[in-house]
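Chemist: Once you've had a glance at the structure underneath, I'll fire off some questions.
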Amino acid sequence: MTPRPLSLRAACLFLTVLAAASTASAQDIRDGEYFHEPGADLLVFSNWYDGLFADAKISGVELIHHGLRTVTNGDVRLEATPGQWEPTGSFVTRRVDEDAGVIEADLAYAEYGFNYTIRVERDAGSYVISVNSDTPLPAELEGKAGFNLEFVPSAYGGKGLLVDGAARVIPYSPVSAVTPRIGGPRPDGAAADPLPIAEGHTLVLAPGDTENRVSLSSPDAVISLYDGRNQASNGWYVARSLLPAGKTGRLLEWRLDASSQDGWVRPPVLSYNQLGYTPSRSKVAILQLDRDAGAPGPIKLVRLLGDGGETVALSATPEPWGRYLRHVYARFDFSSIDVPGLYQLDYGGSRSAAFPISDTTYDEAWHATLDVFMPVQMDHMFVNEAYRVWHGTAHMDDALQAPVDHEHHDLYRQGPTTDTAYSPLEHIPGLNVGGWFDAGDFDIRTQSQYATVRGLVHSWERFGPARDTTKVDWDRRRADIHVPDGAPDMLQQIKHGTLQLLAQFDAVGFAIHGIVEPDLDQYTHLGDAVTKTDGLIYDASLGPDEVKDGRSGRLDDRWAFTSRSSALQYGSTAGLAAASRALKGYDDALAFKALARAETTFAYEYNKEPDTFRHGNTTGGPLEMERFLAAAELLLATGDERYARAADEWLETALPYFGAIAPVAIAIGPQMDEAYGQRLRAAAEKWAADMKEARADNPFGVQITRGGRAGSGSVIGQANTAEAIYRAWPELISKQEVLDAFDYVLGRHPGHNLSLVSGVGAQSKLVAYGSNRADFSHIPGGIVPGVLILKPDFPENREDWPFFWGQNEYVIPLAASYIYLSHAAAELAQDQ
Ligand SMILES: [Ca+2]
Ligand SMILES: [Ca+2]
């Protein structure tokens, strides 16, 4: 059936008839996993709260509605509009009864002794969602615990709303009435609770919208609708009913109806490299079809002519690949077309963007990343682009010694001692220089700083890009984007990272975990980083709002986490050793200092038992990997036999991390003996074989990981490892692996066809999780994690909603490794 506009009354009648005609059957539960109607999949705890960063709005009862996951987090919550770090129930188990058409999940708030079951069943075309418990609600949860269901603002903002028949519009922007939060933790900022937008027994959201209409009803309970964005920029609309006191068994019941369009299938996605192709390389577009869409039709490759005309360069039916996740795929190979020009792909009359076939089409792939993204991430600097100031000179009050025995929400932890000359909350001078904002947040995570430095150095040494479009003045703490200053930008970025790594040693004598805002109130800061603290060093002798002699009594400075870790020491050593090579001839004094610090740190760590303090991703990678990398980078910097011996000694225990060590392990090959080369080659052979298997899992020719953060970083890492192997032992691996990964990042992946590099390629990620995410915007050249695989089968990367960090958050090491991949791909694509 083709959907067409219906009057509201007709639509309701029509849906009622449809609903009455349908009864529960085994077919309602697809693949034994979730309820399925055309265009409406209802998931019940296929996904649950990520343990690392709390609620990621991927959990509970969820609705994938005409291709977009618009409803989530259907569960018992203790607040009307819980933010990311508010308590959630712990998931216990889940049951699917296909015959009965029921999915249930058991959960618990253990600290309150409250166990409950969320049950969803079909009834005459509706879903009946209930909260069940053998015990009454504990007294402490009365008036607090309710069943919540969240609706994404990007789909529902501005849509109609019927509340027990009364009409209104769902507010596009958050403008709820609010009430002060009693006893909340915040002295300033978001310290109130929104009042409901609407309350009733029947809520119809987006009536008349065939793709998004959802109705909720409960004869017994009042359903309130809140707008979570009043207190959290990443909030959703929340429908909620409080759980009743003193009741057991079925505590609460809602009926949910979601619009479903008979015969709806997800529109096809034809994915390819948004930057186009070089004439001689492989060219394969991949067609994604709904599994119910039937066999693929022909795809045309059209060449666009200067006079407004066009010619069909190739027309063929794509070759079926088979099923991957919830879709089926087919491959359209147009490698035979090598005439330079501008082309479009056409599937069923739907056209792709125009893309070049040209020898030079990859030459600029990394420019936005180095020209714009990297400068924007520079901490302790004022960063300007044309008329726009990206941010002021941030964090000049860095940093206070973190208190001991303190665990921080962003994977930092201070152990029982400071390990420095400083007392808890005492100012550590000298840390307010260099470094980059780690990601969409603003911390300086040392691990990502040294990884970025090393990545940039490797690009510099191999490809030597002298590009100069950024003016950097450290004396004035100012960077100007699109203004040359005679110095290669890549060297300036390497210097900026090196300044922070060295500052840590100068300040406390060793590499520290990083510098991060102390609490969630500051952590959630969006906007100009310079406004996150007052820039004035904290002075405990002053009153909270007192300023005197350039110091301030406001306790807002960031904290430095400093428990000693040998893995981190080796990591910074590797970064400094690498930097010393690149900086020679550009800033000799800094190069000399970096190498000296790397050598003394290596010698210190080599001659003692390691400090094994570990926490999260802030205390260095595995010691066995980091120490090998330090030895190898130092060997490349000095040629000193001591480092060759250490690298040889440590190779065996570093091989489990082959993907990470390969580029450097191979680079030192000429300075090592034959046995070393043989061991490394054997490891490369095994890695290539394992990867071949992993790549066969999907039609895109890369390994697609399934963690809580999507895998473009892993894909780029694989490609750079493959490139290193290919250069050393071309018989072990195909350069196609590098190009497949490059294609993946530039648009050829599941779900959509956007380049994952903002602003790079004709169509790219323009809504991402950078520091400007509250503006639904992007930072040019930033690389997002990309397509997240939600259980059981849903690839998701949201362009309508920036706040999914697992899909949209930029991180700095990825910028460095992408710059390397772009150069490598441009080279390999020339002579295929
Ligand atoms: Ca420059
Ligand atoms: Ca301050």
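Every position in the sequence shown, counted from 1, becomes a number in my numbering once 359 is added. By construction, the Cβ of each residue, glycine as well, lies at the ideal position given by its N, Cα and C atoms. The structure presented is a predicted model; accordingly, all values stated were derived computationally and were not measured.
Hey, is Gln736 close to ligand 1, as in C-beta under 6 Å from one of its heavy atoms?
Modeler: To locate residue 736, count along the sequence shown from 1; it is residue 377. No, ligand 1 has no heavy atom inside 6 Å of this Cβ.
Chemist: So, at 7 Å on beta carbons, what are the nonlocal neighbours of Phe1162 in its own chain, with the 5 sequence-adjacent residues on each side left out?
Modeler: Sequence index remark: in the sequence shown, residue 1162 carries index 803 (1-based). Excluding sequence neighbours, Phe1162 sits near Asn593, Tyr1128 and Arg1132.
Chemist: Starting from the N-terminal side, write out each stretch of the alpha helix (DSSP H) that is 4 residues or longer and does not extend beyond the stretch 511-579.
Modeler: Segments of the alpha helix (DSSP H) lying fully in the stretch 511-579: 512-515.
Chemist: Grab me the residues of Pro1172's own chain with a C-beta within less than 8 Å of its C-beta, minus the 5 sequence neighbours each way, in chain order.
Modeler: Along the sequence shown, read from residue 1 onward, the residue named residue 1172 stands at position 813. Ser807, Ala810, Thr811, Gly814 and Gly1072, listed in sequence order.
Chemist: Give the single residue among Ser1136, Arg614, Gly426 and Gly1018 whose Cα lies nearest to the Cα of Phe1153.
Modeler: Stepping through the sequence shown from its first residue, residue 1153 is reached at position 794. Ranking Ser1136, Arg614, Gly426 and Gly1018 by Cα distance to Phe1153 puts Gly426 first.
Chemist: Measure the C-alpha to C-alpha separation of Leu988 and Asp1007 and round it to an integer number of angstroms.
Modeler: As a working note, residue 988 is residue 629 in the sequence shown. As a working note, residue 1007 is residue 648 in the sequence shown. Straight-line Cα distance between these residues: approximately 11 Å.
Chemist: Can you find a heavy atom of ligand 2 that lies under 6 Å from the Cβ of Leu790?
Modeler: Along the sequence shown, read from residue 1 onward, the residue named residue 790 stands at position 431. False, no ligand heavy atom lies under 6 Å from that Cβ.
Chemist: Going by DSSP, which residues form a beta bridge with Ala838?
Modeler: Indexing the sequence shown from 1 puts residue 838 at position 479. Looking at the DSSP assignment, Ala838 forms a beta bridge with Val742 and Val831.
Chemist: Leaving out five residues on either side along the sequence, give the residues of the same chain with a beta carbon under 6 Å from the beta carbon of Gly605.
Modeler: On the sequence shown, position 246 is the one that residue 605 refers to. Result list for Gly605: Pro495, in chain order.
Chemist: Put Met737 into one of helix, strand or coil per three-state DSSP.
Modeler: Here the question's residue 737 lines up with position 378 in the sequence shown. Met737: strand per DSSP, three-state reduction.
Chemist: Please tell me whether Val455 and Asp465 are closer than 7 Å, where the distance is taken between their beta carbons.
Modeler: Here residue 455 refers to the residue found at position 96 when the sequence shown is read from its first residue. Here residue 465 refers to the residue found at position 106 when the sequence shown is read from its first residue. Taking 7 Å as the Cβ cut-off, Val455 and Asp465 do not qualify as a contacting pair.
Chemist: Hey, would you say the C-beta of Tyr882 is under 6 Å away from at least one heavy atom of ligand 3?
Modeler: As far as ligands go, the structure on display features ligand 1 and ligand 2 and does not contain ligand 3.
Chemist: Between which two residues does the alpha helix (DSSP H) harbouring Asp947 extend?
Modeler: Mapped onto the sequence shown, residue 947 falls at position 588. Taken as a continuous stretch (DSSP letters only), the alpha helix (DSSP H) holding Asp947 covers Asp947 to Tyr965.
Chemist: Checking 7 Å against the spacing of the C-beta atoms, do Leu858 and Gly751 come in under that value?
Modeler: Position 499 of the sequence shown, counted from the first residue, corresponds to residue 858. Position 392 of the sequence shown, counted from the first residue, corresponds to residue 751. No, these two residues do not count as a Cβ contact at 7 Å.
Chemist: Cα-Cα, which of Ala565, Val1097 and Val698 is closest to His424?
Modeler: Mapped onto the sequence shown, residue 424 falls at position 65. Checking every option, the nearest Cα to that of His424 belongs to Ala565.
Chemist: Pull every residue with its beta-carbon under 5 Å away from any heavy atom of ligand 1, and keep them in chain order.
Modeler: Going by the Cβ distance cut-off, the answer is Asp827, Thr829, Asp844, Ala846 and Asp848.
Chemist: Which one of Ile645, Ile488 and Pro626 has the shortest CA to CA distance from Arg609?
Modeler: Translated into the one-based positions of the sequence shown, residue 609 becomes position 250. Looking at the Cα atoms, Ile488 is the closest of the given residues.
Chemist: Given the structure, does Asp1056 come close to ligand 2, in the sense that its CB is under 6 Å from one of the ligand's heavy atoms?
Modeler: The count along the sequence shown starts at 1 and reaches residue 1056 at position 697. No, since every heavy atom of ligand 2 falls outside the 6 Å radius drawn around the Cβ of Asp1056.
Chemist: Go to Lys854, then tell me how far its alpha helix (DSSP H) extends in each direction, as first and last residue.
Modeler: Numbered from 1 along the sequence shown, position 495 holds the residue referred to as residue 854. Unbroken alpha helix (DSSP H) run through Lys854: Asp848 to Val867.
Chemist: CB-CB under 6 Å to Ala652, same chain, minus the five flanking residues each way: which ones, in chain order?
Modeler: In the sequence shown, residue 652 corresponds to position 293, counting from 1. Hits under 6 Å: Val624.
Chemist: Of the choices Asp1099, Gly998, Lys1124 and Asp722, whose alpha-carbon is the least far from that of Ala1055?
Modeler: The sequence position of residue 1055 within the sequence shown is 696, counting from 1. Answer by Cα proximity: Asp1099.
Chemist: Do the stretch 579-592 and the stretch 528-541 make contact, defined as three or more Cβ pairs closer than 8 Å?
Modeler: Touching, yes.
Chemist: What are the uninterrupted segments assigned as alpha helix (DSSP H) that are 4 or more residues long and contained completely in the stretch 1063-1120, given in chain order?
Modeler: 1071-1087 and 1095-1104, all fully within the stretch 1063-1120.
Chemist: For His841, count neighbouring C-beta atoms within 10 Å of its own C-beta (all shown protein chains included) and say buried if the count is 16 or more, exposed if not.
Modeler: Residue numbering aside, residue 841 sits at position 482 when the sequence shown is read from its first letter. By the 10 Å Cβ count, His841 comes out exposed.
Chemist: Anything with a beta carbon under 7 Å from a heavy atom of ligand 2 counts; list them all in chain order.
Modeler: In chain order, the hits are Asp756, Thr892, Asp893, Gly894, Leu895, Ile896, Tyr897, Ser911, Arg913, Asp915 and Asp916.
Chemist: Three or more beta-carbon pairs under 8 Å between the stretch 722-740 and the stretch 829-841, yes or no?
Modeler: They touch, by the three-pair rule.
Chemist: Are Val597 and Glu509 closer than 7 Å when you measure CB to CB?
Modeler: Here residue 597 corresponds to residue number 238 of the sequence shown, with the count starting at 1. Here residue 509 corresponds to residue number 150 of the sequence shown, with the count starting at 1. Yes, they are a contact pair.
Chemist: Any idea what DSSP makes of Ser405, helix, strand or coil?
Modeler: Here residue 405 refers to the residue found at position 46 of the sequence shown. DSSP places Ser405 in coil when its eight states are reduced to three.
Chemist: Three-state secondary structure (DSSP) at Trp623?
Modeler: Against the sequence shown, residue 623 aligns to sequence position 264. Coil, per DSSP.
Chemist: Just confirm the distance between the C-beta atoms of Ala1188 and Thr637, as a whole number of angstroms; I'd bet it's less than 8 Å.
Modeler: For the purposes of this step, residue 1188 is identified with residue 829 of the sequence shown, where counting begins at 1. For the purposes of this step, residue 637 is identified with residue 278 of the sequence shown, where counting begins at 1. Indeed they touch by this definition, with Cβ atoms about 4 Å apart.
Chemist: Please go through the same chain and pick out, in chain order, the residues whose beta-carbon is closer than 7 Å to the beta-carbon of Gly1106, but skip the five residues on each side of it.
Modeler: Here residue 1106 is taken as the residue at index 747 of the sequence shown, counted from 1. These residues qualify, in order along the chain: Ser630, Tyr631, Asn632, Gln633, Asn1112, Leu1113, Ser1114 and Gly1120.
Chemist: Could you give the residue range of the alpha helix (DSSP H) that holds Asp1007?
Modeler: By one-based count along the sequence shown, residue 1007 stands at place 648. Its alpha helix (DSSP H) spans residues Glu1000 to Ala1013.
Chemist: Find the nearest neighbour of Asp757 within the set Glu421, Gln773 and Phe801, judged by alpha-carbon distance.
Modeler: Residue numbering aside, residue 757 sits at position 398 when the sequence shown is read from its first letter. Nearest of Glu421, Gln773 and Phe801 to Asp757, Cα basis: Phe801.
Chemist: For the alpha helix (DSSP H) that Glu1033 lies in, which residues bound it at each end?
Modeler: Counted from its first residue, the sequence shown places residue 1033 at position 674. Glu1033 -> alpha helix (DSSP H) spans Glu1033 to Arg1054.
Chemist: Arg837: which of Glu480, Met737 and Gly667 sits nearest, CA to CA?
Modeler: Mapped onto the sequence shown, residue 837 falls at position 478. When each option's Cα is compared against that of Arg837, the closest is Met737.
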